[in-house]
Every structure is written in structure tokens, then in C-alpha cells.
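Everything on this sheet refers to the single structure shown next.
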Amino acid sequence: MLNIEGLLVHFPYDYIYPEQYSYMLELKRTLDAKGHGVLEMPSGTGKTISLLSLIVAYQKVFPLEVSKLIYCSRTVPEIEKVVEELRKLMEYYSKQTGESNNFLALALSSRKNLCIHPELMHANIVVYSYHYLLDPKIADLVSKELTKKSVVVFDEAHNIDNVCIDSMSVNISRRTLDRCQTNVETLQNTIQKIKETDATKLKMEYRRLVEGLKEANVARETDVYLSNPVLPDEILQEAVPGTIRTAEHFVGFLKRFLEYLKSRLRVHHVVQESTPQFLKDIFDKVCIDRKPLRFCAERLRSLLRTLEIADIADFSAVTLISNFATLVSTYSQGFTIIIEPFEDRTPTIANPVLHFSCMDPSIAIKPVFQRFQSVIITSGTLSPLDIYPRILDFRPVTMASFTMTLARTCLCPLIVGRGNDQVALSSKFETREDFAVIRNYGSLLQEMSAIVPDGIVAFFTSYMYMENIVAAWYEQGILENIQRNKLIFIETPDAAETSMALEKYQEACENGRGAILLSVARGKVSEGIDFVHHFGRAVIMFGVPYVYTQSRILKARLEYLRDQFQIRENDFLTFDAMRHAAQCVGRVIRGKTDYGLMIFADKRYARADKRGKLPRWIQEHISDGSLNLTVDEAVQLSKHFLRQMAQPFRQEDQLGLSLLTLEQLESEEMLKKISQIAHQT
Amino acid sequence: MDEEPERTKRWEGGYERTWEVLKEDESGSLKATVEEILFQSKRKRVTESHGQVRLGMMRHLHLVVDCSRSMEDQDLKPNRLTASLKLIETFVEEYFDQNPISQLGIITTKNKRAEKLTDLAGNPKKHIVALKKAVDTVCLGEPSLYNSLHLAIQTLKHMPGHTSREILVILSSLTTCDPANICELIKTLKSLKVRVSVIGLSAEVRVCTVLTRETGGSYHVILDESHFKELLMLHVKPPPASSSSECSLIRMGFPQHIIASLTDQEAKPSFSMSHLDSSSGADLSLGGYFCPQCHAKYTELPVECKVCGLTLVSAPHLARSFHHLFPLQAFTESPTEQLQKDRFCQACQGELKDKSIFSCPSCCSVFCVECDLFIHDSLHCCPC
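Protein sequence lines correspond, in order, to chains X and F. Here the first sequence stands for residues 1 to 681, numbered as in my numbering. Here the second sequence stands for residues 682 to 1065, numbered as in my numbering.
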């Protein structure tokens, strides 16, 4: 039982980390202020349980202030972890208070477990994936009836802007259009059939549409629903326009729209245009007005409901197109349309794609910030903190970064800037093909493979770069030398292949053979897979993982960021690269008893603008002496570090320093120390 | 600087600037502080002895020495192999000194194979000769933990249940090349009650952690050469016997040593039984130890009689093993100033000049550091 500024919190463990206490303190202040918060705390320090136990305690004490916790996480394993912690907390509660649990918690994991039972409305805690809240297509189904007095938590939120953008972007390829064509034909046939058997149904629908979407409007005004960014407010004021009111007319309308899109895909060079340009073009060419386009998504939904079609998944293509129609006619800003006739990598193969790309993540998340009283954005790596409120366009009441209190320095970040021959190491474009750099990268990996036990994870900036380097290493015989020390596994874009490689990698770490996993920043491994203890004793980041800057979508987004949010291109690119680098290296430290080397193999990391963007808990362990090391120096330091870490380390060593009992926590001195853990920005 | 006691942990400080610890005294001499450091390290070993537990005094220890490519690393001087073999030599001597009725065998592993360097035997000389020869071994390939353990089991599993079965692995490499899944072997080791300990020369390897945890051994990684020696010496003391190990009265024979001179007409030269199976060193001798039960001859003790299976030891051997069971209590340390009586060490009669003195808790006699160490390390009983 902890006392956090007057709030009694049940904490289900005997010991607590100082930073957990500090975290709860900040969290409570955020809830008190009924505002939003951005909190960064290193992974493995018990973020989840701190969040859960504080918010649950808050709900119990102030049921009128906070009635629901919505916990969003990214992947199914993460959701399972949250549920496990929650179960522990609930058991602890019922043991402490002696009464049976009247708290209802609900977890929605994958589509196959999807449940939209009305019980959801009464649950005290809901745990589900981001998409249920951010993706307008799903949010409408699942989340629209959540009460305003909820606390929303986005865990692992370092990529939240990309999730927002993805949920609002639409990519249309020729295949999509073909499938859509079939959909429309099916619709037409069904309508024909129904018309013959049950014409009244269609008439009913028509009448309802004349009445307009009043119902939805009333609901939104009385604050029952979460607003849907696909369905802007203005639409609700009006009735569905006459041109698409009857089912046949609507299908005809869809056909026309489809033909237009098909014609647009028949291009031979890249076209980029804004949404108003697109609307003007569509009006000129096929006389489709803006207004019916805007109602397209809603009209289709109504039609599908009327036709009583059970399996909506079959109609995903036509739903996609209609969503696109609504979005393109609704937003004149924040989106761009790019039509590429072929992929950059394969200029000979025609594969036209229409990218309708969202450039403003705040559009998707805006309703969430507006509706819920507290939104908490948290992750192990959120540095620099101030950029998130800027790109998501909200005002947080608390922004804090927590450090990790350690009884022993269990992470060892090293920046290797030079090879043994003093050649500067860098993955930058000009030196990418440089033989000397590739060779030095090879010798770094080779030396490390000889001194690091069990598992090493190496990250490259892209698949292409990895392929080039590995091929060069093979020719130079470096690969063979490495294989004398450890087995080598490679991540590929193929998910099945990668999970196979991962399994074998773990086996090799387990039985003493030792292994190296070559993977790619921004890949599956870098985002979702933890390398605890021996599965990752060292991580090597070859180069700075800048995003592919030649992409037109990215260029458009950078331009938009500069114009709208005054964020310079370079700042954003560096921020994006560093958050991915931090994610990659953060994979190896998953707790205080864990230890691992973090090797940044690029001289650019030594620069203050890069280093300063790493999370504070990594940054504070980079000493001035380890900024520009040669391979040899890094090897010496690593050897020393690994020997030190191999010395016995027991729980008693941590107690009182990085692990506290209740008495220790309540001492004056410790409270003073704890107040220094959180860094406000 | 020392606000937090935890600062003293070795992993806390980055580089140890040992030269900064040294301070000159008034006369400009460094001696005082150097002595202080030495003194601290000497004391440590004595105080760490454990209390009264059942110990496995008859030990069968297989020493596995990694001779793979990584032993060529020069972080121990002149290289890992030479440094290790030298330390192992001292270990072997110390081992037989402290455990006279125990046996030891050495296995080397390199190039994915394991080979016996010496068989399980009770004579330190043979081992030391073999170790001296091994210095010239060419280190190559990877070690095989599996093969070494498997080889060690082959002999250890025939050892009687009341003795301890131990394996100590000196592992330099971070990788092992195994023909089969080592987890199965660990299970076998566990069921055979073989205790495996590992001393790592580079870093913590997962499979060793599992291996030692499952079999009840210890796992340490060295920091430097002196730490290496310290860790080796930990294995000189017999390990606590597991409660499940058999305990029974053991029949032992105390053979008489018969010395015959060449002039003696009745004396007939004969072979030692222990040399029957080994091709080397089988030469005739006159005298020897004769088994009181079957009169088989042996030239060295302790040994298990090849004919009747009786354990043959000499009385001093048993006596020397005895102290492990009843270790001498650690002496209490106190500053010299507190001593009211005349300041002389009760053992060496020298004047007590050091900062602190040591007194025996049972007879209250005072001793100097040197004598304290001597009493605990060699004498094993309080002289007063």
C-alpha cells in the first residue's frame, strides 16, 4: 500500500523501483489536472504495473472523476502482458480488501477474438490495440460509445504518429480496383434480387436517407459518441444528396468513380496533386461533385446494412474506395495524392499505385484528445519529448522523462567512430560503397563475435544495405571468420522465414553455440522482439537508420511539417532516425538484472544533435571517453564490461538503491532522491 | 567519496586507478598503503570459510582445461594457456595437500574433441609433469563442452556413492561445438550427482550458468590473474556433501611401508599393481606399500586396491583431511591500541606492529596477521 500524494495505491509487489514511484507521482498529477501527459520510462522498469495500479486506485477513490481506463498497446503479446499484470493486480486487490472483485476488465486482441457485446460499455478497464481507437474504420465499431471520463493510455507510443498516418492513408492499386469492380457487380445483383423480392426494404432505406443522418447528429451533440474523422460534423447536418439516394443510382455512381480511378492509374509518369486539384479534375472529367463523394462512405454502409450482407470482409475493396472518396472530398489540407506508375526499384515493371497519403497525424488522433479527459502517451523511448505534442497537435500538462536507477551500470553504450586504420565509419550515402568502411564494419562484428557471449543482434539501416554489406563480407572472407565464433542468422522481409531464423537463433544462444542475428532497423525484429539476457548481450547499430529520403510520400510529409508545424526537415529526419536507433538498441536491456552492450557504429552518433536525441536513460551512460572509439578500444572496453557484469549480482545488492521496500521508500532521503528521477521538459 | 557503501563493488568503478589509492607517508615511502591492500586481500580468504557442514572429503575431481584457439588471447600474460596451466599446477599441489585422500584427473578439449591428459589418480607428480608438458600444446579450433563432460562422466560414474564426483571446467572460449543437445547431458549429470563448476576466462555464457545451476556447482568469471587464482583456490576446499549422498562406514586399509635394501637377500623386486594398466612407468622396485588384505603392492598412496577394492591410505592423510570438518574459528580482529598487555604475538613472539591484532575466540591469545594466516591455512589448530 503506497501513499502517493494522499492517494492510497495498492501495489502487488513487495519491492518497488524508485522510478516507478516517481512515475506514479507524475501520472497522478496528470489525472488531477484532467490533462494529457507524455511520459518516457525505460523498458523493464515496470511501467505497465505502475500505470495500472495507479489508475485503478484512482478509479476506486474517485469513481466520478475517472470511470474507465482504456489501455492501448501495439501487439498481441504486449496486450497479453498487460492482461497478465492486471490479473495479478486484481488478485492482490481481492486478497487485501477481502471482498470479491467488482471490477470488470476486458481485452480485445485480434479480430478473431473481437467482441462487441454491450458489456463493453460497462467495463472499467479495456485493453486493446491502437487501431480500435485510431483507425476510423474500426473505431466506429468498437470505441464510439466510450465515456468521456476515461483515461486513455497509449503504451509503446513512440511510433504513434505513423500509426495515425497509416490509419488515414489509402493505397489503391490496380488489384484493388479489380476487386472493387467485382464488389460493385455483386452489389448490383443483390439489389436486383432484393428489388424483385422485397422492394419495401429499399424504400424504407430511401426514406431514412431523406430524413438525413439526424440520429447520429443528435447522438454526437449529446456526447454519446466518439466523433469519427471520416465522418465530419458538417455531413451530419445534411441529408444524403439526391444523386446517390437510391441504391441503383449509388451503384452507378460508384461505377463512374471506379472508371475514373482506372483512367487515373493509366499514367506513365509520376503525378502529384493536392486534394482540391483532384476534386476539380474529377468534376471536369466525369462530372462527379464534391458533395456526393463526401457521403460515399456513409451511403455504402447504409446500403450494406440494408442488403443484409453478413460478411463485410468481402467488400473491403469497395469500402476502401468509398472511404477514400469521403476523405478526399472532406479534407483540403493535410493530404496529398501521388500516383506512381512503377516502383522506384523496378522501373521496368508497371505497377501503378495511387497513394492517398495523410501527412498530418493530428487528424486521426484529434477526436481522441478532444473527447477523453486524460490521454497518456508513454514508451521507453520518446525522446525528444517536445516533438510529440508538436506533431500530434495537443497540449500536455506533464512531460517527463525518467531515468533508470541502477545498482550496477548494466548498459554500456559505445560509439565506434573509426576503424583500426582510422577510417571514419559511417553509413552515409557518399561512403556507402566505400570498401574500407565495409571492411571495418566487418572487423567490428568479427571482433565482437569473439568476445561477446551468446547472442549478438546487429541492425542495418535497410535490407538493401544489409544485402550489399553481407555480400562484400562474404567475398572478403569475413563471414567465414565470424562463423568460427558464432552462427549467423538473417532477417528477411518474409515473416515466416524470419520467425524460423529467430527460433534457431534462440536455440543457438541457449546451448552455448552463440549466434548473430542480422536484422534491419524498422523491421519486425527491431520493433516487437525482446532479447532478454543471453539472447542479446550486445547490439550493434551499423549506421544511422535514416528513413529512405527519396520517397515522394516522405518528401511531401516533410514539406507539410515545415509549412504547418515549423519543424525543419533535418530535425524531423534525425528525430525519426534516432527513435528507431533507440528502439533497436533498447531491445537488449529488458530489466535491471539484464545487461548488454550498445554499440553505435557510426561517427555521426557522437555529434550532439544525434546524441541529444537519445533517451536520457541511455544518454547519461555515454561518457565523453566513449564518443569516438576505434574498434580495438571498443573491444577492450567491452571485455572489461562483460567481465564486470559476470560477477555475482544478487537482489540484496539492489535493495535500498534501485529496489526499495516500503520503509526505504518512505524515508526522507529517498523521497528527495526520487524527486530527481523525473526530468520535466 | 565513500558515502554509499556500494561504491566498493568492483563493477561500480569504471577503471580502477590503483595508483591513486597509493599515498606516501611522511618519509615519502609507499610501503604503508601497499601493505594495507595486501593485508585486506589476505584477510578476505580466511574470513570466508563456512561453518560446520558435512563435507565430501573423498573427492574425485575432473579438471577440464580448454585448449581452444581463444586460449591464445594475451589478456593474461604471456597468454591465457600458459598463465592458466601455471595456476592449475599450484592448484593441483594445493588440492592434494588439503585433500590427501582424493583423486584428480585432467581432460583437455580443443578442435571439437576432448582428450584425457591424465587419468583419475591420487599422485600430484604425474599431473604436474603432464601440465608442464601441455604448455607447448597448439591451441586450435573450438572446445567441446559436451565431449569433455561426456568423457569425464565415463570414469566418474563408476566412483562409489559416498565420494564426491566433481568436474571443474576452465573455459576460455565463448562457444562450444557439441555433437548433441547438451541439455540431455546436463540431466544425466544431475542424475549421477556430478557437481560441475565452471571458471570462465572471458564472460558469462548462458549454457554454463544453466549447467552449474542444475548440477549445484559454482560459476565464476575471472577479472584478472589474481582473481583467477582466488577462484581456483575456492575449489581446494571440499564442497558440502549433499544430504542425499550415501553415508556408510568405509573400510580402509593402512598398508605398511616396507623398505627393502638391495643387500637383503629375501627381497624380490616386483611390479606395482597401479602400473598394470598403464604402459608407462612400469618398472620393478623392491619396497612399497602392501595391501593388508591381499598383499598387492603399490608404490604410492592413497589408492584403491586393484585386487580387493580396499581403499588404502596412510594415517597422516586422514589426519590432514580432518580439519575440513572442524575448521578453526576465525580470529577476531581488533585495533592494536586496545591491547593492554605486552604487545607480542603468541606464536612467533614478534612485536605487534600492525594496526590490528587477532585473537582466538576460545583462548584469547593474540596473534599477528602472518601467524593468523599460517594458523588458518596450514596449521588448522590454535597453538595455545
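Positions of the beta carbon are idealized from the N, C-alpha and C atoms, including for glycine.
Neighbours of F:L855 in chain X, taken as residues whose beta carbon is under 8 Å from its own, are A450, I451, V452, P453, D454, N485 and G514 in chain order.
Between the stretch 836-844 of chain F and the stretch 754-768 of chain F, the count of C-beta pairs closer than 8 Å stays below three; the two stretches do not touch. Taken through DSSP and simplified to helix, strand or coil, X:I288 comes out as coil. At a cut-off of 8 Å between beta-carbon atoms, F:C864 makes contact with chain X. If only complete runs of 3 or more residues are kept, the stretch 2-84 of chain X shows the beta strand (DSSP E) at 2-4, 7-9, 36-40 and 68-73, in order along the chain.
Contact annotation: F:P936 and F:F971 have beta-carbon atoms nearer than 8 Å.
Excluding its 5 nearest sequence neighbours in each direction, X:V588 has C-beta neighbours in its own chain below 6 Å: F531, G536, V539 and G596, listed in chain order. Around the beta carbon of F:L930, fewer than 16 other beta carbons lie within 10 angstroms, which makes this residue exposed.
Straight-line measurement puts the Cα of X:P361 at about 23 Å from the Cα of X:E340. If you check each beta-carbon in the stretch 880-897 of chain F against every beta-carbon of chain X, the ones closer than 7 Å belong to G881, S883, A884, E885, V886, R887 and V888. Take F:V902, set aside five residues on each side of it, and the residues of its chain with a beta-carbon closer than 8 Å to its own are I880, G881, L882, S883, A884 and E885, in chain order.
X:A608 carries a helical assignment under DSSP once its states are collapsed to helix, strand and coil. Beta-bridge annotation (DSSP): X:I172 is paired with X:L354.
The beta-carbon distance between F:L965 and F:P950, rounded to whole angstroms, is 4 Å. This is short enough to meet the 8 Å contact definition. Think of a sphere of 9 Å around the beta carbon of X:C584: no beta carbon from chain F falls inside it, the nearest being about 22 Å out.
Rounded to the nearest whole angstrom, the C-alpha separation of F:C989 and F:R1001 is 25 Å.
Partner residues in the beta bridge of X:L659, as assigned by DSSP, are X:L655. F:V819 counts as exposed, since fewer than 16 other C-beta atoms from the protein chains shown sit within 10 angstroms of its C-beta. Beta-bridge annotation (DSSP): F:T789 is paired with F:V746 and F:E796.
Not one beta carbon of chain F lies nearer than 8 Å to the beta carbon of X:A634. When the beta-carbon positions are compared, X:A606 and X:N570 stay at least 8 Å from each other. In the same chain as X:Q680, and ignoring 5 residues on each side of it, the C-beta atoms closer than 8 Å to its own belong to T398, M399 and A400, in chain order.
Contact with chain X is absent for F:V850, since none of that chain's Cβ atoms lies less than 8 Å from the residue's Cβ. Not flagged as an interface residue toward chain F: X:H621, since no C-beta distance is shorter than 8 Å. Between X:M598 and X:L518, the gap from beta carbon to beta carbon reaches 8 Å or more. If you look at F:F952, you'll find it isn't in any beta strand (DSSP E); DSSP assigns it neither H nor E. Using a CB distance cut-off of 8 Å, X:N511 counts as an interface residue toward chain F. Chain-order list of chain X residues neighbouring F:D859: N511, G512 and R513, by C-beta distance under 9 Å.
The Cβ-Cβ distance between F:E847 and F:L742 falls below 8 Å. Around the beta carbon of X:D563, fewer than 16 other beta carbons sit within 10 angstroms, so the residue counts as exposed. Sequence-distant partners of X:N485 (beyond 5 residues in either direction) whose C-beta falls short of 6 Å from its own C-beta, in its chain, are S449 and A450. Membership of X:V588 in any beta strand (DSSP E) is not indicated, and neither H nor E is assigned to it by DSSP. By alpha-carbon distance to X:S426, the top candidate from X:L108, X:F600 and X:N3 is X:F600.
Per the DSSP secondary-structure output, X:C412 pairs in a beta bridge with X:L597. Residue range S1037 to S1040 is occupied by the beta strand (DSSP E) that includes F:S1037, with no alpha helix (DSSP H) assigned at that position. Contacts with chain X (Cβ-Cβ distance below 7 Å) from the stretch 818-833 of chain F involve L826, listed in chain order.
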